[in-house]
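Sequences listed follow chains A and B, in order. Basically our numbering = 1-based index in the first sequence + 1303. Basically our numbering = 1-based index in the second sequence + 8. Presented below is the structure to which this report refers.
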Amino acid sequence: MSAINNKCEYISKNQIKITFDGKTYSAFEGDTIASALLRNNIRLVGRSFKYHRPRGIYTCGIEEPNALVQIISEHNEPNTRATIKRIYDGMEITSQNRWPSLRYDFGAINNILSPIFSAGFYYKTFMGPKGFWKNLYEPLIRRSAGLGKPPKNFRSKSTHQYHNSDIVIIGAGLSGLAAAKKFINTKYKVLLIEQDSYLGGVLKNSNKVKTINGLTPQEWISETEELILNSKNITILKNTLVTTYNFTNHLIALEDKFAGKKIDLNKSELTLHKIRTSNTIITNGHIERFISFRNNDLPGVMLASSFEKYIHRYGVVPEKEPVIFTNNSSSLSLLKKLISLGCKPKAYVDSRKKDNIETEIKKILKDKEIPFFSDAEIEGCDGNKKVETITIRQGKSFNKLKSSMLCVSGGYNPDIHLFTQSKGLVKWDKNILSFKPDTPFQKTITLGSTSGNYNFKKLCDEINEKLSIFKTKKVSLDINLNVPNKFSIKELWETKKKNNSNWSKSFIDLHNDVTTKDLKQAITEGFDRIEHLKRYTTNSMGTDQGKISSINSLAIVSKILKKEISEVGTTTYRPPYAPLSFAAIAGRSTYEFYDPERKTSIHSWHLKNNAVFEDVGQWKRPWYFKASENETMHQAVQRESKMLRENAGILDGSTLGKIEIKGRDALEFMNLMYTNAFSKMKPMTSRYAMMLGEDGMIKDDGIICKISDQHFIATTTSSGAPKVLADMEEYLQTEWPHLQVYLNSITEQFSTFNISGPKTREIMMKVFPDIDFSNDAFPFMTFKNFDYKETKIRIMRASFTGELGYEIYIPPKFGLELWEEIFSCGKEFNLIPYGTETMHLLRAEKGYIVIGQETDGTVTPIDLNYNWMIGKNKKDFIGKRSLSRPDTSREDRKQLVGLSPINKKDIIEEGQHIVELNELPKKIKNPIKYLGHVSSGYHSPNLNHSIGLAMIRGGKNLLGQKFFVTATGKTKNIPVEIVNPVFIDPENKRLTS
Amino acid sequence: MTNILSIPGVKVSQKDYHQIIVRGNGLEKFNNTIEEKTSIKPPSKNLEVKYDLNYLFAKNSFDQWSLILTEKKDHNQILNLVSSINTNENMLASDYSYGQVYFEIEGENKDSFLNQLTHFDLREEKFPKSTMAQTVIARIECSIYNLGNKYIITCNKSFEDYFQQRLKDTASLN
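Spelled out as structure tokens, the structure:
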């Protein structure tokens, strides 16, 4: 058993080193892991999924079910297909799913126990006893499941690239290149996508084609590639695999940017191409299928065309004397190639009758005295972790040959995965014994072997005919072949076993360890629908989706059911065509770019002043400011709250939504949108307002500034701003198109500062010495515009803390400068910055609500005792009718109240229940009467005890009564008194001072 | 102007422009007001962009226009212009000068560069010269104006840092 190296122009002469399972091997640049291992006579590369059977390299491409390895040098990437992963110097690879070593794997005990692991084993076995699933079976199965180990934590820099094109050609083999040639320098924008690093496909995998238009295949490929590269309209993507074909001709393709190179962590290793195209041409060829026979999974069994591809594409002959087993005419080119290299197959086994076998094959076999078995088949293989002997059945006689390699060809399947993903319909073709594309669902064209056309001579006509819908010149292809142009095949899916042994298995799905016996058993147990059978046996449910075997399983099932294959139908091929990593799907939307961040114009100041941020929507808002490294959030919030009530504090409120409303009918519009009445409101005054849904429930709140009856400015909650604007626009366009009103979002156009506290007026007078801030000149809930440097600012007297307060609106360019000026002036008054948590505490002390905290989509203004906000005489507003429904006027609705602990040391926690019991039973057997919940709970530094706002059934009538609030992790409840929700300054003396 | 990045075939710079968003019905009185106040005739076709060295005027939708003034001006001048447009009770003009940021992207590879951040179809036949679009770039809402040899992209100022970082990150991974 030994491989030989052959000349190959696609492989560099540069020798490189790789390690496999800790041992170093020499290979060449351009090799895949598989070609490198074969070059070094490594046949055993992994263990199977379920039975831990020894497995080798079965194919030479994406269809590989066996040779999955772990790349240690690429953050332990598991389940990498050795047959497509290109190597680089220093690459570290290990086999997977084995312990302690690949040769001696403890898990192989599963193979000994395999007679009991038949189809449905898991479903039947793990039903009981009760409790075993959770505590024994599931942990055990989870530990042993999967093939490779999870990768190490790493930061991928995968990128996304969007494309919009007229035509996408998938596959740059003979058909793809010929199709692309038609579009050179035309008006069409074309993307030509090839999964390999070279163009040419089948032309580089075998020597079937002698010349194209008088040129050798390589000359024709080079000429065509050059023409395409020089064209203005065609882009080639190499090392790129189309994995997904979605609706509306949307394709996903994955490009390996470091194919054959060590990954540079500073660069994008993968690019996910998201392509929108008008037309898709699929020319990604065909996939050879295997034949099921006894021990058809032993290392040394390989598909014939893959064996041939290793010779042509990688210059490695895996074995000098293999046995060839076929049921069709395609193996002639392999036979000829081996002879030309001075190799002599041990035997040629053809299931076809001698008369149906091509004369040229028979002549070569005779001339070279190669043992020839016609109308014969492989009964099975035997050997210890590799093929050692091969048993041939011819009629009733058996011949046993010694050979280490068996090349199998069971025919070809057009690669219809992408076509079926596009929802195209397929039909059974008796001539090629496979499904092929029939009716496309989208603008999809298949060409060449993808369309089931295995005749090179007919390719040119097919291309010109199918692509005649495009206004392009006809393409000419004069193809001369080294093999006959006729494809002949005999139906053969599985060979008969000589003896029935429970340990000699005939596999139908190598990836998931499914045997032909499993298929038969599933049908016996009633799973005779192909989709049910697939799930019961897990046949073709591996990551390879049964590329080399799914048609075989359909055929075997159809034989058992005595139906035509077309009647049995196909299972659904689902995207992705081959696995793609989560890193590729996520692209750059990870880590620092996980979610776009919005910052206010004061953000840099906040950073410098030790702000701890909280995310409010996408905004970064200061939560609290740390006075020292060791200060906790609780300490900071207590300090900020106390300082503000004693002196003054300032909050960056720039994130508040702001909407400008103007037009002839602006007043009527505002009266309709909000519960409040604005008709009698004086210009240049403001009002706290509430917006309801049509169900009468509170949707948003804010302050409305009336400039005139035709011009308003509304503020909204930070996170509600886009929705409020969208709702306003929707009502204007759909419900009240007769109103002439225009809206602009001006949230970003102003930085907003909320300054409040007893010393605020003094600070404001120092910052703006020319403005009269006296109560008479600037009363509560009024606003004015002023010149400030080269711009204008708006100052409104309003407060959300219950203290004397002003809101300043300034264009963001000037925001930071003014903020710093305020601090400079405020220093002597002990002005402090405060964050959102302090804001929440202060407003709770004052009994002000927060949308989304006291409200949850089921709360009306009446529930909050905000009846004063409802314009009783208004003809209409959104939600008006719903407020008069019996349910919304019920007395026992949950209503806003305040909570004060009886024992002032007790802490009222947000989210806790309010109950009548002072203690909960240890085990709750009967439902406990629930009165409501704590919507806000804080420790008030100004009252020196905990306070709460709560929504309680019939709360308005419970003032002064005693109830209990549950506590985390305790059965003993906290006694509380129901009080007025306004804890501080109920007379509004501070507010209007 | 601030240079953000320069890689082969792509140059990105940030500009200091002024902007006014105008809403109205686009009828005669509307056009007269605009012409009287700005000496520019507003575009009448949806998504059309008119521009010269000093301004860029686009019709964003059936009742919304954006006027970008590329010349540096005193902000009070802009605010006065906004106020004078607002004297027409059938129109709303809002100053967008400093609440937005402006990026200019030029170079032969600008389309492929931008298509790493947006799905938007930048092909000439789908997005012709002298048109604009409102779309998502780097997962945020942006307006993009096609001036032939370059694009002007505007987005909310709050995204300025994020957008700059995404542009630089895209360039660094190329």
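The beta-carbon is built from N, C-alpha and C at its ideal position, and this holds for glycine as well.
Strand pairing of residue i, partner residues [DSSP]
| i | result |
| --- | --- |
| residue 72 of chain B | B/31, B/69 |
| residue 1938 of chain A | According to DSSP, residue 1938 of chain A bridges with nothing at all. |
| residue 1447 of chain A | According to DSSP, which records beta bridges pairwise, residue 1447 of chain A is partnered with nothing at all. |
| residue 1329 of chain A | A/1320 |
| residue 1380 of chain A | A/1374 |
| residue 1922 of chain A | A/1901, A/1919 |
| residue 1617 of chain A | Paired residues: none, contrary to the question. |
| residue 1684 of chain A | A/1693 |
| residue 2059 of chain A | A/1952, A/2108 |
| residue 1582 of chain A | A/1470 |
Residue i versus residue j: straight-line alpha-carbon distance, rounded
| i | j | result |
| --- | --- | --- |
| residue 2283 of chain A | residue 2197 of chain A | 15 Å |
| residue 2238 of chain A | residue 2215 of chain A | 8 Å |
| residue 1987 of chain A | residue 2100 of chain A | 11 Å |
| residue 147 of chain B | residue 126 of chain B | 8 Å |
| residue 2024 of chain A | residue 2053 of chain A | 14 Å |
| residue 1433 of chain A | residue 1509 of chain A | 58 Å |
| residue 1799 of chain A | residue 1760 of chain A | 37 Å |
| residue 1715 of chain A | residue 1918 of chain A | 56 Å |
| residue 1854 of chain A | residue 1848 of chain A | 11 Å |
| residue 1251 of chain A | residue 1409 of chain A | No information on residue 1251 of chain A is available, as it lies outside the stretch 1304 to 2296 that chain A covers here. |
| residue 167 of chain B | residue 1427 of chain A | 56 Å |
| residue 2274 of chain A | residue 2159 of chain A | 27 Å |
| residue 1557 of chain A | residue 135 of chain B | 27 Å |
| residue 1564 of chain A | residue 1683 of chain A | 40 Å |
| residue 1808 of chain A | residue 1656 of chain A | 27 Å |
| residue 1504 of chain A | residue 1345 of chain A | 26 Å |
Coil, strand or helix - residue i by DSSP
| i | result |
| --- | --- |
| residue 1900 of chain A | coil |
| residue 1487 of chain A | coil |
| residue 1975 of chain A | helix |
| residue 2040 of chain A | coil |
| residue 61 of chain B | coil |
| residue 1411 of chain A | helix |
| residue 1968 of chain A | coil |
| residue 1395 of chain A | strand |
| residue 2254 of chain A | strand |
| residue 2034 of chain A | helix |
| residue 1349 of chain A | strand |
| residue 1313 of chain A | coil |
| residue 179 of chain B | helix |
| residue 1531 of chain A | helix |
| residue 1567 of chain A | coil |
| residue 1888 of chain A | helix |
| residue 1341 of chain A | helix |
| residue 163 of chain B | strand |
| residue 1363 of chain A | coil |
Residue i beta carbon near the ligand ATP (any heavy atom closer than 7 Å)
| i | result |
| --- | --- |
| residue 1620 of chain A | Only the bare structure without any ligand can be found here, which leaves the ligand ATP out of the picture. |
By the 8 Å beta-carbon criterion, what residues does the segment 85–113 of chain B contribute toward chain A?
Under the 8 Å Cβ criterion, the segment 85–113 of chain B contributes 87, 94, 97, 98, 99, 100, 102, 103, 104, 105, 106, 107, 108.
At a CB distance below 8 Å, what residues from the segment 2003–2037 of chain A approach chain B? Give them in sequence order.
2013, 2014
Contacting positions in the segment 1735–1766 of chain A - beta carbon closer than 9 Å to chain B
From the segment 1735–1766 of chain A, no residue has a Cβ closer than 9 Å to chain B.
Please go through the segment 2087–2171 of chain A and give each complete beta strand (DSSP E) segment of 3 or more residues, from N-terminal end onward.
2094–2100, 2108–2113, 2134–2136
Mind listing which residues of the segment 129–155 of chain B have their C-beta closer than 9 Å to chain A's C-betas, in chain order?
129, 130, 131, 134, 146, 147, 148
Residue ranges of each beta strand (DSSP E) within the segment 1625–1678 of chain A, 3 or longer
Taking only runs of at least 3 residues, the beta strand (DSSP E) segments lying wholly in the segment 1625–1678 of chain A are 1626–1629, 1650–1653, 1675–1677.
Taking only runs of the alpha helix (DSSP H) that begin and end inside the segment 1998–2036 of chain A, which ones reach a length of at least 4 residues, in chain order?
2024–2033
Mind checking the segment 2088–2102 of chain A against chain B and listing, in chain order, the residues whose C-beta falls within less than 9 Å of any C-beta there?
2090, 2092, 2093, 2094, 2095
Where are the alpha helix (DSSP H) runs, 4 residues long or more, that stay fully inside the segment 1453–1477 of chain A, in chain order?
Taken in chain order, the segment 1453–1477 of chain A contains no complete alpha helix (DSSP H) segment of 4 residues or longer.
List in chain order: all unbroken alpha helix (DSSP H) runs of 4+ residues lying wholly within the segment 1497–1551 of chain A.
1505–1508, 1520–1533
Return the chain-ordered ranges of every beta strand (DSSP E) run that is complete within the segment 2240–2284 of chain A and spans a minimum of 3 residues.
2248–2256, 2265–2268, 2277–2282
Using a beta-carbon distance cut-off of less than 9 Å, what residues from the segment 167–179 of chain B approach chain A?
167, 168, 169, 170, 171, 173, 174, 177, 178
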